[in-house]
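Notes follow the structure.
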Amino acid sequence: MLKAAGAAAGAAGIGVGAGVGTTALASPAFAAGSAFAHPGLLHTRTDLDRMAAKVKAGARPYAAGFAKLTANRHAQSGWRANPQATVYRGEGSPQNYAVLYNDIHAAYQNALRYHVSGETAHADTAVAILNAWSGKLTSVQGSADRFLAAGLYGYQFANAAELVRDHGDFALGRAQDVMRNVFHPLSDSFLRDHNGAVITNYWPNWDLTAIACVLATGIFCDDRAVVDRAVEYFKHGDGMGSVRHAVPVVHDDGLAEWVEAGRDQGHALLGVGLMGTVCEMAWNQGIDLYGYDDNRFLKGAQYVAKWSLGGDVPYTANTRKKGAIGGWSGSETAAGAAGVDPAMTRPIWAMIANHYTKRRGLSASYVTRAAAKAAPEGGGGDYGPNSGGYDQLGFGTLAFTRDKATDPAAPSAPASSAATSGARPQTGATPSVAASPASGRDLAATGSDEVVGWAAAAGVTAVAGGLLLLRRRDQVRRGGAE
Numbered sequence: 025m026l027k028a029a030g031a032a033a034g035a036a037g038i039g040v041g042a043g044v045g046t047t048a049l050a051s052p053a054f055a056a057g058s059a060f061a062h063p064g065l066l067h068t069r070t071d072l073d074r075m076a077a078k079v080k081a082g083a084r085p086y087a088a089g090f091a092k093l094t095a096n097r098h099a100q101s102g103w104r105a106n107p108q109a110t111v112y113r114g115e116g117s118p119q120n121y122a123v124l125y126n127d128i129h130a131a132y133q134n135a136l137r138y139h140v141s142g143e144t145a146h147a148d149t150a151v152a153i154l155n156a157w158s159g160k161l162t163s164v165q166g167s168a169d170r171f172l173a174a175g176l177y178g179y180q181f182a183n184a185a186e187l188v189r190d191h192g193d194f195a196l197g198r199a200q201d202v203m204r205n206v207f208h209p210l211s212d213s214f215l216r217d218h219n220g221a222v223i224t225n226y227w228p229n230w231d232l233t234a235i236a237c238v239l240a241t242g243i244f245c246d247d248r249a250v251v252d253r254a255v256e257y258f259k260h261g262d263g264m265g266s267v268r269h270a271v272p273v274v275h276d277d278g279l280a281e282w283v284e285a286g287r288d289q290g291h292a293l294l295g296v297g298l299m300g301t302v303c304e305m306a307w308n309q310g311i312d313l314y315g316y317d318d319n320r321f322l323k324g325a326q327y328v329a330k331w332s333l334g335g336d337v338p339y340t341a342n343t344r345k346k347g348a349i350g351g352w353s354g355s356e357t358a359a360g361a362a363g364v365d366p367a368m369t370r371p372i373w374a375m376i377a378n379h380y381t382k383r384r385g386l387s388a389s390y391v392t393r394a395a396a397k398a399a400p401e402g403g404g405g406d407y408g409p410n411s412g413g414y415d416q417l418g419f420g421t422l423a424f425t426r427d428k429a430t431d432p433a434a435p436s437a438p439a440s441s442a443a444t445s446g447a448r449p450q451t452g453a454t455p456s457v458a459a460s461p462a463s464g465r466d467l468a469a470t471g472s473d474e475v476v477g478w479a480a481a482a483g484v485t486a487v488a489g490g491l492l493l494l495r496r497r498d499q500v501r502r503g504g505a506e
């Protein structure tokens with residue numbers, strides 16, 4: 025049974041450490057004793073208590089969101105783990121990564137179901153799954169796709185584990201070791217050298233999986249330096265996943281181009297979901313990445329939401345360099361936003377819409393429409409059998425629907441982190457919102473099976489495109505706050 029878990033006391037707001045590099049990130053020394061709020065990844069104690077109270081009262085739309093959870097086959101207390109010593113992802117390897125992501129989603133869904141319903145069998149199941157994996161998993165291997173596996177399943181493993189970290193039978197230290205020694209090293213390595221590729225070779229979602237894993241590792245393992253590293257890369261990293269490279273062009277109407285819209289819809293949705301995940305985990309430790317650079321992420325999310333709903337959006341043609349440093353190289357150009365299927369959806373919008381409209385009192389018309397269309401959001405297992413349907417933990421209707429803040433202009437990050445340090449999240453300005461070579465030699469071709477996964481789940485053919493090296497990189501890097 026879970027021990028009663030109160031809000032962690034003394035958790036401090038985290039700032040970006042001076043001297044942290046953007047391209048040469050040193051290997052971390054995992055520090056003990058840094059105070060963080062727990063639970064404090066995607067869900068805080070306040071969030072979990074709100075879900076339980078709303079569902080108990082039969083309040084809408086929470087009840088519908090919870091029904092979506094209880095109907096999922098992964099959320100059943102009879103789930104049994106199938107741990108592996110080595111997880112493989114990518115061509116040329118004996119791929120077995122689906123076993124891992126299915127088990128992680130089962131752990132997360134059972135843990136979330138416990139917090140809402142109080143049924144201890146679900147907490148016990150989540151603990152059993154996580155303990156089985158932490159007792160056996162030693163490495164993630166494969167092609168370049170191993171970096172995707174480490175990033176995606178690392179941040180997800182940490183989130184599931186965070187929900188049961190106070191369970192009397194949970195092997196917390198062992199789970200922290202898995203994050204430090206299995207998932208994090210690959211993600212940290214990717215942000216340092218991008219698998220030996222030129223900096224623009226990999227699309228934003230590659231960086232964003234790594235940022236999510238590094239940030240989740242730092243919070244889950246109480247390591248301030250690792251958290252700082254993720255925050256610094258989000259703001260100033262040279263790769264395409266840092267916010268000003270993922271969202272390179274801001275228009276006067278308040279929309280900002282999402283760079284991966286020139287590739288295809290599925291990967292653009294993946295990137296928005298991952299950036300939202302990073303922002304939410306940081307927010308719950310008193311760090312406002314949502315509002316960074318005049319709400320740049322909101323402007324990019326609005327663009328993707330409008331485009332995915334079938335609206336016309338501008339796109340600035342760009343060319344990106346590809347290839348390996350010292351090896352084959354080439355370039356690829358995208359002239360416009362790819363085609364979309366308005367029926368394609370993923371459980372990414374409720375979290376973003378509720379932050380900007382309810383916590384901050386800002387306008388987010390397209391994001392709000394996308395969230396309403398996707399509601400009630402499900403999770404892994406509800407969006408097709410392929411890996412793309414498991415890239416987000418989901419259930420945003422249940423987890424992130426919230427009442428409007430009484431003073432939207434006031435900072436509303438958890439008091440346990442921001443208030444104790446004197447750090448105040450940025451409020452940001454209210455945005456004005458209106459309506460090639462053979463794949464065997466192309467490092468960016470890795471992960472292409474994800475396009476098939478996203479498209480198959482939506483019943484459409486994915487539209488592939490190229491993209492992009494920012495020709496105005498120096499202007500982008502100087503263009504915002506910090």
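Numbering of the sequence shown is given in our numbering, commencing with residue 25 and proceeding in unit increments. Backbone N, C-alpha and C fix where the C-beta goes; we use that ideal spot for every residue, glycine too.
C-beta contact flag for residue i and residue j at 8 Å
i      : j      : result
THR110 : SER163 : yes
HIS218 : GLY178 : no
LEU72  : HIS146 : no
ARG198 : GLY114 : no
TYR390 : ALA329 : yes
HIS269 : VAL283 : yes
LEU161 : VAL202 : yes
GLY6   : ILE235 : The structure shown has nothing for residue 6, since the chain only spans 25 to 506.
HIS67  : TYR414 : no
THR343 : SER355 : yes
ALA156 : PRO85  : no
ILE243 : MET305 : yes
LEU333 : TYR380 : no
PRO241 : LEU176 : In the sequence on display, residue 241 carries Thr and not Pro. In this structure, LEU176 does not lie closer than 8 Å to THR241 by Cβ.
PRO63  : GLU186 : yes
ARG370 : TYR339 : no
As assigned by DSSP and simplified to three states, the class of residue i
i      : result
GLY290 : helix
ARG383 : helix
HIS191 : strand
ARG170 : helix
ALA479 : Any reading at ALA479 must be qualified, since the residue scores a pLDDT of 27, below 50, and its modelled position is unreliable; the value itself is stated next. In the structure shown, ALA479 sits in a helix (DSSP, three-state: H, G or I).
THR233 : helix
ARG104 : coil
THR110 : strand
GLN416 : coil
GLY220 : helix
GLY242 : helix
8 Å CB neighbourhood of residue i in its chain, flanking five on each side removed
i      : result
ALA374 : ALA395, ALA398, ALA399, GLU401, GLY420, THR421, ALA423, PHE424, THR425
ARG74  : ARG426
ILE349 : GLY220, ALA221, VAL222
VAL337 : LEU279, GLU281, ALA285, TYR327, LYS330, TRP331, ALA361
Beta-carbon proximity list for residue i, same chain, < 6 Å, skipping 5 on both sides
i      : result
ALA131 : ALA150, ILE153, LEU154, ALA184
LYS382 : ARG426, LYS428
ALA359 : ALA341
According to DSSP, residues forming a beta bridge with residue i
i      : result
GLU143 : According to DSSP, GLU143 bridges with nothing at all.
GLU356 : ARG344
GLU281 : VAL273
THR68  : GLY64
SER163 : THR110
Presumed contact (8 Å Cβ cut-off) between residue i and residue j, rounded CB distance
i      : j      : result
ALA61  : GLN309 : 6 Å
VAL238 : ASP262 : That belief does not hold up - the Cβ atoms of VAL238 and ASP262 are roughly 15 Å apart, past 8 Å.
ASN229 : GLY324 : ASN229 to GLY324, Cβ: 13 Å. No contact.
TYR125 : GLN119 : About 12 Å; that fails the 8 Å criterion.
ALA182 : LEU313 : ALA182 to LEU313, Cβ: 17 Å. No contact.
GLY385 : GLY403 : 28 Å between Cβ atoms; not a contact.
SER13  : ALA122 : Not covered by the structure: residue 13. The range shown for the chain is 25 to 506.
GLN200 : CYS245 : 5 Å
Contacting residues, own chain, Cβ-Cβ under 7 Å from residue i (five flanking each side not counted)
i      : result
ALA174 : VAL164, PHE207, LEU210, SER211, CYS237
CYS303 : LEU313, TYR314, PHE321
GLN133 : LEU93, ASN96, HIS98, ALA99, GLY403
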